[in-house]
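Residue numbers (the numbering used here): 1039 to 1204.
A virtual CB, placed ideally from N, CA and C, is assigned to each residue, including glycine.
This one's a predicted model, so the numbers in the text were calculated from it and none came from an experiment.
These notes are about the structure you will find just below.
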């Protein structure tokens, strides 16, 4: 008998905990870290949906419910980020996309980005707490793209395609 990842995640969420890094243990198994949710941690839409199901089933503990109530009170619940599978060039925040379009080099790199990199750009931009911090982050991300760099390493094929367009 074993516990599936989904079962473990459900229990963690019921107690106000969150899943973290997953690391390979051997050819057949992995290690999954679960930790208490920090006071101001962001919520994903996926975990928000899981929690809705768990609340409806009466499985949420008082501590888990307190995490939900705090997130609803301070706006983190409504600001939950979309899953990576929905990331596209169109889901990158408009202010970041506009800044990228002003730089031909950044625009060329942007056109080659994987879904994982598009998600990372959007997440890092929307995670900023102040307009000033967001502006600094956007400038840094555009400069990174203009240098032909990415947050997540790209496959050799994507890197070659990006470098040919320069």
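Problem set entry | Residues of its chain near residue 1189, where Cβ-Cβ distance is below 6 Å and the 5 sequence neighbours each way are ignored | Answer for residue 1189: 1155 and 1158, listed in chain order.
Problem set entry | Boundaries of the alpha helix (DSSP H) in which residue 1153 is found, first to last residue | DSSP places residue 1153 inside the alpha helix (DSSP H), whose first and last residues are 1153–1164.
For this session: To the nearest angstrom, report how far apart residue 1117 and residue 1111 are at their CA atoms.
Result: Computed Cα separation, rounded: 12 Å.
For this session: Out of 1052, 1086, 1176 and 1175, state which residue places its alpha-carbon closest to the alpha-carbon of residue 1072.
Result: Nearest neighbour of residue 1072 by Cα position, chosen from 1052, 1086, 1176 and 1175, turns out to be 1052.
Exercise. Where does residue 1167 fall in DSSP's three states?
Worked result: Shown here, residue 1167 sits in coil according to DSSP, grouped into three states, outside any helix or strand.
Problem set entry | the region 1062–1078 contacting the region 1086–1099, beta-carbon criterion three pairs below 8 Å | With a cut-off of 8 Å, the region 1086–1099 and the region 1062–1078 do not count as touching, because too few Cβ pairs lie within range.
Problem set entry | When 1109, 1181, 1176 and 1059 are compared against residue 1160, the one with the closest alpha-carbon | Comparing Cα-Cα distances from residue 1160 to each of 1109, 1181, 1176 and 1059, the minimum goes to 1176.
Exercise. So residue 1131 and residue 1164 are in contact, right, with Cβ under 8 Å, and what is the actual spacing, rounded?
Worked result: At roughly 6 Å, the Cβ-Cβ gap stays under 8 Å, so residue 1131 and residue 1164 are in contact.
Problem set entry | residue 1050 burial status per 10 Å Cβ neighbour count (16 or more: buried) | Around the C-beta of residue 1050, 16 or more other C-beta atoms lie within 10 Å, and the residue is accordingly described as buried.
For this session: Ignoring anything shorter than 4 residues or poking outside the region 1113–1139, list the alpha helix (DSSP H) runs there in chain order.
Result: For the region 1113–1139, whole alpha helix (DSSP H) runs of length 4 or above, ordered along the chain, are 1132–1139.
Problem set entry | Helix, strand or coil at residue 1075 [DSSP, three-state] | Correct three-state label for residue 1075: coil.
Problem set entry | Close Cβ partners of residue 1046 (< 6 Å) along its chain, the five nearest in sequence each way excluded | Cβ within range, chain order: n/a, list empty.
Exercise. Using DSSP with H/G/I as helix, E/B as strand and the rest coil, what is residue 1057?
Worked result: Residue 1057: strand per DSSP, three-state reduction.
Problem set entry | For residue 1121 and residue 1084, believed in contact at Cβ under 8 Å, the rounded distance | Right, the Cβ-Cβ distance comes to about 5 Å (below 8 Å), so this counts as a contact.
For this session: Ignore the nearest five residues each way along the sequence and tell me which others in residue 1057's own chain have a CB closer than 7 Å to its CB.
Result: 1047, 1050, 1070 and 1072, listed in sequence order.
Exercise. Since residue 1054 and residue 1075 are thought to touch, with beta carbons under 8 Å apart, how far apart are those beta carbons, to the nearest angstrom?
Worked result: Confirmed, Cβ separation roughly 5 Å.
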